[in-house]
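Chains as they are written, first to last, in my numbering: chain A, 39 to 422; chain B, 38 to 219.
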Amino acid sequence: MQRLGSRDMGAEIERALSNPNLQRALDNAMATLYGRRGAVLGSIDFEALRRRARELKERALARNDELLAQVVERVTELGGTVAVTANAAEARDYIAALARDRGVRRVVKAKSMVSEEIHLNSALEERGIEVVETDLGERIIQLAGERPSHLIVPAVHKTKDDIIDLLARTMGLADPPTQAEDLTRLIRVDLRERFLTADMGITGANFVVAETGTLVLVENEGNIRLSSQLPPVHVALTGREKIVETLADIATFLELLPRSGTGQLLTSYVSLITGVPSTEVTDFGRATGETVHEREFHLVIVDNGRSTAAADPQLREALYCIRCGACLNACAPYTRVGGHVYGSDPYPGASGAPGPTSPRVTPKPARSTVCVPPAPGAPRSAPS
Amino acid sequence: MLTDLFIQSLRACGGEASSVGAAELPRALAALVGAGGLVVVTPELESLALELAERGVECRVASRLGAGDAGLEADLRAAEVALTRGLVGIARSGTVAVGPGGGNGGLLAALAPRHVVLLGEEDIVDSLAHAMQVISERFHGLGGEAVFITGPSRTADIEMLSVVGVHGPLGLHVVVVRREAG
Chain A
39 MQRLGSRDMG AEIERALSNP NLQRALDNAM ATLYGRRGAV LGSIDFEALR
89 RRARELKERA LARNDELLAQ VVERVTELGG TVAVTANAAE ARDYIAALAR
139 DRGVRRVVKA KSMVSEEIHL NSALEERGIE VVETDLGERI IQLAGERPSH
189 LIVPAVHKTK DDIIDLLART MGLADPPTQA EDLTRLIRVD LRERFLTADM
239 GITGANFVVA ETGTLVLVEN EGNIRLSSQL PPVHVALTGR EKIVETLADI
289 ATFLELLPRS GTGQLLTSYV SLITGVPSTE VTDFGRATGE TVHEREFHLV
339 IVDNGRSTAA ADPQLREALY CIRCGACLNA CAPYTRVGGH VYGSDPYPGA
389 SGAPGPTSPR VTPKPARSTV CVPPAPGAPR SAPS
Chain B
38 MLTDLFIQSL RACGGEASSV GAAELPRALA ALVGAGGLVV VTPELESLAL
88 ELAERGVECR VASRLGAGDA GLEADLRAAE VALTRGLVGI ARSGTVAVGP
138 GGGNGGLLAA LAPRHVVLLG EEDIVDSLAH AMQVISERFH GLGGEAVFIT
188 GPSRTADIEM LSVVGVHGPL GLHVVVVRRE AG
């Protein structure tokens with residue numbers, strides 16, 4: 039709270055409004071995302087799907103304790119390890135200790151908002167571990183020393199020219215490419231070798247299925263597939279509200295999330311990871327009956343205020359969110375100032391309302407987004 | 038026709054698709070991947086790999102072992118084309134699912150610049166819900182990974198400009214295999 043109180047929100051809004059690059063980036067991106075979503079919603083009964091998804095999330099959240107126990111049981115049976123952590127420090131410490139025990143020097147990391155929430159990167163870096171963000175947008179903001187400003191487009195606040203300058207400076211390029219294709223290829227080549235030599239991969243999870251112990255990960259770039267499958271240790275980090283009942287439920291969420299988030303019928307990749315794949319050991323071609331796990335898998339589930347939020351009828355709403363980011367693209371304040379002004383660390387908009395300590399309610403997202411009434415306990419006047 | 042819709046949907050999202058009779062498959066595949074550098078094939082397609090090799094295609098069967106295996110790492114670095122089998126296709130979105138079932142098909146297919154998937158015509162279904170049911174039955178009690186793949190790797194992280202080929206394959210080609218009598 040001191041952190042929020044020490045910032046002058048009015049001045050930040052002014053700065054955002056008078057930053058022509060930011061305004062140009064937001065104008066372009068918000069209109070594009072909003073338009074693409076609109077173009078694909080017509081082909082389905084969106085409202086019916088949305089009601090169905092909400093019912094599924096409500097049912098799952100009401101049984102969260104039971105489903106969590108089921109996830110622990112299933113993943114453990116399938117050769118994985120589950121750590122259920124109460125707060126950010128516990129989750130950070132678990133992953134840092136695992137990295138230390140396995141002698142990890144380099145981590146490749148896919149986009150994970152929970153990792154931003156618990157400040158994982160700095161915790162690993164303080165211990166001398168190199169953390170490489172591999173989602174293109176996340177890599178851009180990592181090189182810039184910034185934080186994500188949108189749920190699904192983390193570098194949405196930057197123009198192409200900003201990115202060209204950034205890559206020239208941080209990668210030491212005298213003559214940087216100017217086309218988006220070439221900039222992307224540059225990152226592909228730079229990160230490929232890091233993928234191949236990483237000791238640990240860290241991902242988030244969009245959904246966790248209690249029935250099967252399956253993680254569902256939604257992406258377009260392919261960095262989640264590489265981060266989860268390539269290194270010898272995979273750590274998936276997620277919030278306990280991501281648990282749903284069955285694999286069949288996932289079909290409903292997948293009809294909604296890509297359409298609403300990016301205007302795609304499906305993203306390029308949806309990974310369903312169930313425990314650890316194992317391979318039968320053969321001895322000169324003969325099966326031995328033994329199996330070995332192809333890699334090590336740890337699922338770290340964080341509470342960090344979610345149980346408290348679940349008990350509050352207003353805050354609970356945020357736990358039903360599937361994080362498509364579409365509300366931001368339609369939000370009058372967000373589309374003018376971008377995500378950094380919210381300081382909601384890291385979720386801009388209404389889904390950032392519940393905080394990690396009970397009943398911490400971050401005042402900015404709760405008040406500065408017109409669609410959300412102030413939560414009980416939230417300050418009624420602006421911190422200045 | 039689900040096959041026609043599948044091919045049309047896949048092309049709409051930047052993938053390539055073709056349809057070929059089972060008897061014609063080795064010849065058609067050799068033409069498709071022949072001059073494109075090392076083709077790495079998942080163990081379940083071993084006999085097809087032999088046929089491709091007979092036709093002069095530089096071809097290798099992927100190691101069955103997991104992370105840390107030197108043979109696997111060499112394959113991963115050298116593969117220009119990953120050839121794997123698809124489990125189920127979704128006509129409406131042009132999606133193909135690969136895995137689970139051990140081996141490193143998923144990993145190979147994520148790393149190689151081109152991914153070619155063989156999909157039985159009879160394995161194309163109409164909806165995501167139906168495909169999820171197929172996967173669910175496969176998963177029953179098993180560990181492993183399945184990936185729904187819809188077109189090539191892509192991003193719009195720079196000014197919303199659509200760019201194909203970020204970390205995953207730059208090209209995706211699904212070969213729908215028609216089962217023919219005789």
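We treat Cβ as the ideally placed atom computed from N, Cα and C, and that holds for glycine.
Tell me whether residue i is buried or exposed, calling it buried when 16 or more other Cβ atoms sit within 10 Å of its Cβ.
i      : result
E381/A : One detail in the question is off: residue 381/A reads as Gly in this sequence, not Glu. It counts as buried.
L55/A  : exposed
N367/A : buried
V113/A : buried
S199/B : exposed
D41/B  : exposed
T208/A : exposed
T300/A : buried
Q267/A : buried
Is residue i helix, strand or coil by DSSP?
i      : result
H331/A : strand
L310/A : strand
I178/A : helix
A212/A : coil
C365/A : helix
A349/A : coil
I186/B : strand
T40/B  : helix
R97/B  : strand
A1/A   : The structure shown does not extend to residue 1/A, since chain A is modelled only from 39 to 422, so the question has no answer here.
E196/B : coil
E168/A : strand
I201/A : helix
T300/A : helix
H204/B : coil
V113/A : helix
S316/A : strand
R191/B : strand
Going straight from the alpha carbon of residue i to that of residue j, what length do you get?
i      : j      : result
V340/A : T346/A : 13 Å
L39/B  : V162/B : 7 Å
A49/A  : N66/A  : 24 Å
A149/B : H272/A : 21 Å
H210/B : R92/B  : 20 Å
G175/A : G210/A : 19 Å
A54/B  : V153/B : 9 Å
I262/A : E171/A : 11 Å
A86/B  : G74/B  : 14 Å
V212/B : V78/B  : 15 Å
Q180/A : G76/A  : 31 Å
G142/B : Q302/A : 25 Å
G157/B : A128/B : 13 Å
S230/B : T290/A : The structure shown does not extend to residue 230/B, since chain B spans only 38 to 219, so no value can be given for it.
F245/A : A212/A : 43 Å
L221/A : D131/A : 36 Å
V109/A : A67/B  : 45 Å
D112/B : G208/B : 18 Å
L89/B  : V118/B : 13 Å
P269/A : A236/A : 6 Å
R216/B : E83/B  : 19 Å
V214/B : R151/B : 19 Å
Just checking: is the beta-carbon of residue i within a distance shorter than 7 Å of some beta-carbon in chain D?
i      : result
V314/A : Here chain D cannot be found, since the structure's protein chains are A and B.
Which runs of the beta strand (DSSP E) at least 3 residues long sit entirely within the stretch 105-159 of chain B? Give them in chain order. 118-127, 132-135, 151-157
Is the stretch 165-177 of chain B close to the stretch 226-235 of chain A, with three or more CB pairs under 8 Å? no
Secondary structure, alpha helix (DSSP H): runs of 4+ residues fully inside the stretch 122-162 of chain A: 126-139, 151-155
Along the chain, which unbroken stretches of the beta strand (DSSP E) at least 3 residues long are found entirely within the stretch 46-88 of chain B? 53-58, 76-78
With a threshold of 8 Å, are at least 3 pairs of Cβ atoms found where one atom belongs to the stretch 145-162 of chain A and the other to the stretch 184-202 of chain A? yes
Quick one: complete beta strand (DSSP E) runs, 3+ long, within the stretch 237-268 of chain A? 238-241, 245-247, 252-257
For the structure I just gave you, are there three or more beta carbon pairs, one from the stretch 350-363 of chain A and one from the stretch 331-339 of chain A, closer than 8 Å? no
Is the number of C-beta pairs between the stretch 86-101 of chain A and the stretch 117-127 of chain A that are closer than 8 Å three or more? no
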